[in-house]
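Student: Just so it is clear: in the sequence shown, position 380 is 380 by the UniProt record's numbering, and no numbers are missing.
Got a structure for you, written out below as structure tokens; questions coming shortly.
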Amino acid sequence: MVRKCGWRSELSSPPPSVLPPTPPARHSTSSSSSSYQRKSSRWTFYDATQLTSVYPESSSQKTIFSSVVYCIHRKEGCEWNGELRKLKAHLLSCSLDAIPCRMQCGQQVSRLAHDDHGRNFCPNRRQICDYCQVEFNGLQYDSHVGTCTMEPVYCDNKCGQKISRKQMMQHKAIECGKRLVACRYCAKDFSYDTLPAHHAKCGRYPIACPNQCDSPKVVREELESHLKDNCPALMVSCPFKEAGCRFKGPRFSLDKHQEEGMKQHLLLMCGLATRQQQQLSTLRSTVSRVSLNYTGTFLWRINDVQTKIAEARIKEGFELISAPFYTSQYGYKLQASLFLNGNGSGEGAYVSIYIKILPGEYDALLKWPFSHTVSFTLYDQAANPDKACNIVESFIPDPTWENFQRPSREPDALGFGFPRFVSHDMLKKRHFVKDDVLFLKVRVDPAKNMAV
């Protein structure tokens with residue numbers, strides 16, 4: 001048999017790469033051809049597959065075994081070095097050299113890690129679980145770790161407690177502060193530890209009536225309705241409070257009060273009606289004063305002219321009366337009147353217009369008789385204002401006429417004006433009436449002393 005040349009003919013481990021190069025033993029070969037020849041050395045290398053026999057040379061062998069080498073476990077941390085012949089003896093005690101497991105698991109383990117392997121990793125080791133105290137071999141223990149029913153683990157609900165796996169389901173169902181439970185009043189789910197806070201604001205939670213009435217507890221969201229409409233102990237005022245009744249007592253006594261105080265309430269309501277009537281009169285007077293015209297010029301819009309003309313033809317003395325107006329803030333109080341079917345000499349064919357002097361608040365301070373120039377203007381509502389032709393009539397009061405003296409009461413007379421202000425034919429010829437509306441302006445001018 002042909003033996004290959006190598007370094008480990010009698011060692012259990014191959015020499016490390018750090019060993020210094022040493023020449024192989026001399027040999028004979030069946031082939032004179034070499035695969036490689038180093039000319040700078042006296043050694044020649046041949047293809048090992050061509051060797052037929054090896055003859056160790058004693059001097060070379062001595063040199064080889066005297067070579068200084070490092071431990072094959074130098075990279076793992078062993079610092080031993082010495083002659084090659086002592087390497088085998090060193091490996092028999094080297095703490096990093098692998099030896100068979102004492103528990104016969106079949107693994108090769110370094111002497112240094114042998115005890116740890118035997119305690120923690122060897123599949124044939126015997127180990128007792130710290131939680132259930134049951135003994136297992138290594139393989140069984142590794143499978144048992146993480147599944148032991150007696151091992152305490154943190155609650156899945158993150159309540160912070162450690163519970164054994166065996167009791168976890170019971171804890172999560174009954175004891176865990178983070179378990180979900182349904183509110184017994186609104187049926188919504190909440191964490192158990194937040195349930196008291198929820199009850200403090202739950203709309204369906206029953207609470208006692210603040211008036212301590214005899215009713216059973218009231219649902220929180222219905223409390224307002226209970227107090228407003230149903231609570232018999234709620235302090236209420238009499239419905240006739242605005243009329244002056246000062247009664248205030250529990251709701252259950254209100255019916256009795258109303259029955260016994262019916263006469264008193266009737267008197268109070270009569271007094272209230274009287275006061276309100278007075279207030280209405282005052283308000284009407286105030287509104288009337290606010291809405292009055294104090295400029296001395298009154299623009300009168302008359303709607304539904306054709307209807308009112310037809311009515312005037314049927315009703316004798318049909319008169320339209322304007323709102324009162326003043327010549328100034330503290331001046332004369334005047335009022336215009338209009339007869340669409342005429343009056344006096346204009347009856348049936350003309351529109352008649354007059355002005356009256358009414359009793360005013362400041363008549364005592366004014367100069368009498370009334371002497372301001374009065375003018376009436378009927379507007380032509382032509383599309384082009386430049387082509388409009390308004391009708392204007394005016395007069396200067398005669399100081400001898402009774403109509404212009406200080407009035408002592410509301411006048412019954414017509415006042416003073418023009419019975420033939422404008423004819424019905426003229427109304428039709430121009431645009432004095434447009435969209436069934438006509439506009440009249442009454443102007444009182446104290447600066448003028450002649451008619452237009």
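Using N, Cα and C, we set each Cβ at its ideal position, and we do this for glycine too.
Please read all numbers here as calculations on a predicted model, not as lab measurements.
So for proline 385, helix, strand or coil by DSSP?
Tutor: Taking the sequence shown and counting its residues from 1, one reaches residue 385 at position 385. The answer is helix: DSSP assigns proline 385 an H, G or I state.
Student: Opposite leucine 358 in the DSSP bridges: which residues?
Tutor: Taking the sequence shown and counting its residues from 1, one reaches residue 358 at position 358. Leucine 358 is bridged to Lys333.
Student: What alpha helix (DSSP H) runs, 4 residues minimum, are completely inside the segment 109 to 183?
Tutor: Qualifying alpha helix (DSSP H) stretches, in chain order: 138 to 144, 165 to 170.
Student: According to DSSP, what are the bridge partners of tyrosine 393?
Tutor: Walking along the sequence shown from the start, residue 393 turns up at place 393. Looking at the sequence provided, one finds glutamate at residue 393 rather than tyrosine. Phe376, per the DSSP bridge assignment.
Student: Got a sec? Which residues, its chain only, sit under 8 Å from serine 345 by beta carbon, not counting five neighbours each side?
Tutor: Here residue 345 refers to the residue found at position 345 when the sequence shown is read from its first residue. Hits under 8 Å: Pro419, Arg420.
Student: So, helix, strand or coil for phenylalanine 432, using DSSP?
Tutor: Locating residue 432 in the sequence shown gives position 432, where the first residue counts as 1. The answer is coil: DSSP assigns phenylalanine 432 none of H, G, I, E or B.
Student: With a Cβ-Cβ cutoff of 8 Å, do cysteine 238 and histidine 257 count as a contact?
Tutor: For the purposes of this step, residue 238 is taken as the residue at position 238 of the sequence shown. For the purposes of this step, residue 257 is taken as the residue at position 257 of the sequence shown. Against a cut-off of 8 Å, the Cβ pair of histidine 257 and cysteine 238 comes out as a contact.
Student: Which one or two residues does DSSP pair with isoleucine 309 in a beta bridge?
Tutor: Position 309 of the sequence shown, counting from 1, holds the residue named residue 309. Isoleucine 309 pairs with nothing; no bridge assigned.
Student: Run through DSSP, which three-state label would isoleucine 314 get?
Tutor: The sequence position of residue 314 within the sequence shown is 314, counting from 1. Isoleucine 314: helix per DSSP, three-state reduction.
Student: My parser needs the beta strand (DSSP E) runs of 3 or more residues fully inside the UniProt zinc finger region "TRAF-type" (197 to 254); what are they?
Tutor: Runs found: 235 to 237, 248 to 250.
Student: Rounded to whole angstroms, what's the CA-CA distance from phenylalanine 247 to alanine 187? Just pull it up for me.
Tutor: Here residue 247 refers to the residue found at position 247 of the sequence shown. Here residue 187 refers to the residue found at position 187 of the sequence shown. Cα to Cα, the separation comes out at about 44 Å.
Student: In whole angstroms, give me the CA-to-CA distance for aspartate 189 and arginine 179.
Tutor: For this step, residue 189 is matched to residue 189 along the sequence shown. For this step, residue 179 is matched to residue 179 along the sequence shown. Roughly 10 Å between the two C-alpha positions.
Student: Between leucine 378 and leucine 283, is the Cβ-Cβ spacing less than 8 Å?
Tutor: Translated into positions along the sequence shown, residue 378 becomes position 378. Translated into positions along the sequence shown, residue 283 becomes position 283. Contact flag unset, no.
Student: If you compare alpha carbons, which of Cys176, Pro446, His431 is closest to glutamine 161?
Tutor: In the sequence shown, counting from the first residue as 1, residue 161 sits at position 161. When each option's Cα is compared against that of glutamine 161, the closest is Cys176.
Student: Around the C-beta of serine 32, are 16 or more other C-beta atoms found within 10 angstroms, so that it is buried, or is it exposed?
Tutor: Against the sequence shown, residue 32 aligns to sequence position 32. Low confidence applies here, because serine 32 scores a pLDDT of 39, under 50, leaving its location unreliable and the question unanswered by this model.
Student: Can you tell me whether cysteine 101 is buried or exposed, with buried defined as 16 or more other CB within 10 angstroms of its CB?
Tutor: Working through the sequence shown from its first residue, we reach residue 101 at position 101. With 16 or more other Cβ atoms within 10 Å, it is buried.
Student: How far does the beta strand (DSSP E) with threonine 63 in it reach, from first residue to last?
Tutor: Locating residue 63 in the sequence shown gives position 63, counting from the first residue. Threonine 63 -> not in any beta strand (DSSP E); alpha helix (DSSP H) instead, spanning 58 to 66.
Student: Sort out for me which residues DSSP pairs glycine 77 with in a bridge.
Tutor: Indexing the sequence shown from 1 puts residue 77 at position 77. For glycine 77, which the question treats as bridged, DSSP gives no partner whatsoever.
Student: Give the secondary structure of alanine 98 by DSSP, where H, G and I count as helix, E and B as strand, and everything else as coil.
Tutor: The residue you call residue 98 lines up with position 98 of the sequence shown. Alanine 98: strand per DSSP, three-state reduction.
Student: Classify phenylalanine 298 as helix, strand or coil using the three-state DSSP reduction.
Tutor: In the sequence shown, residue 298 corresponds to position 298, counting from 1. The answer is strand: DSSP assigns phenylalanine 298 an E or B state.
Student: Considering Cα atoms alone, identify which of Cys209, Ala208, Ala182, Ala349 is closest to histidine 198.
Tutor: Locating residue 198 in the sequence shown gives position 198, where the first residue counts as 1. The option with the nearest alpha carbon to histidine 198 is Ala182.
Student: Taking 7 Å as the limit between beta carbons, can you name the residues of its chain near lysine 434, skipping five residues before and five after?
Tutor: If you number the sequence shown from 1, residue 434 lands on position 434. Only Gln381 meet the Cβ criterion.
Student: Which two residues bound the contiguous beta strand (DSSP E) that contains leucine 438?
Tutor: Against the sequence shown, residue 438 aligns to sequence position 438. Here the beta strand (DSSP E) through leucine 438 covers 438 to 445.
Student: From the DSSP output, read off the bridge partner residues of isoleucine 72.
Tutor: Counted from its first residue, the sequence shown places residue 72 at position 72. Partner(s): none; isoleucine 72 has no beta bridge.
Student: Which residues in the same chain as valine 153 place their Cβ atom closer than 8 Å to its Cβ, once the five residues preceding and following it in sequence are excluded?
Tutor: What you label residue 153 is simply residue 153 of the sequence shown in a count that begins at 1. Lys162, Ile163, Ser164, Arg165, Met168, listed in sequence order.
Student: Within this structure, are the beta carbons of alanine 349 and histidine 431 separated by less than 8 Å?
Tutor: For the purposes of this step, residue 349 is identified with residue 349 of the sequence shown, where counting begins at 1. For the purposes of this step, residue 431 is identified with residue 431 of the sequence shown, where counting begins at 1. No.
Student: Is phenylalanine 404 helix, strand or coil when you go by DSSP?
Tutor: Against the sequence shown, residue 404 aligns to sequence position 404. Note: phenylalanine 404 maps to helix in three-state DSSP.
Student: In the DSSP assignment, find the beta strand (DSSP E) that holds glycine 417 and state where it starts and stops.
Tutor: Here residue 417 refers to the residue found at position 417 when the sequence shown is read from its first residue. It spans 416 to 423 - the beta strand (DSSP E) in which glycine 417 sits, taken as one unbroken run.
Student: Let's see if you can read the secondary structure: which residues bound the beta strand (DSSP E) around phenylalanine 190?
Tutor: Walking along the sequence shown from the start, residue 190 turns up at place 190. Where phenylalanine 190 is concerned, the enclosing beta strand (DSSP E) stretches over 189 to 191.
Student: Assign tyrosine 141 to buried or exposed, taking buried as 16 or more other Cβ atoms, counted over all protein chains shown, within 10 Å of its Cβ.
Tutor: If you number the sequence shown from 1, residue 141 lands on position 141. Label assigned to tyrosine 141: buried.
Student: Is DSSP giving glycine 106 helix, strand or coil here?
Tutor: Mapped onto the sequence shown, residue 106 falls at position 106. Coil at glycine 106, not helix or strand.
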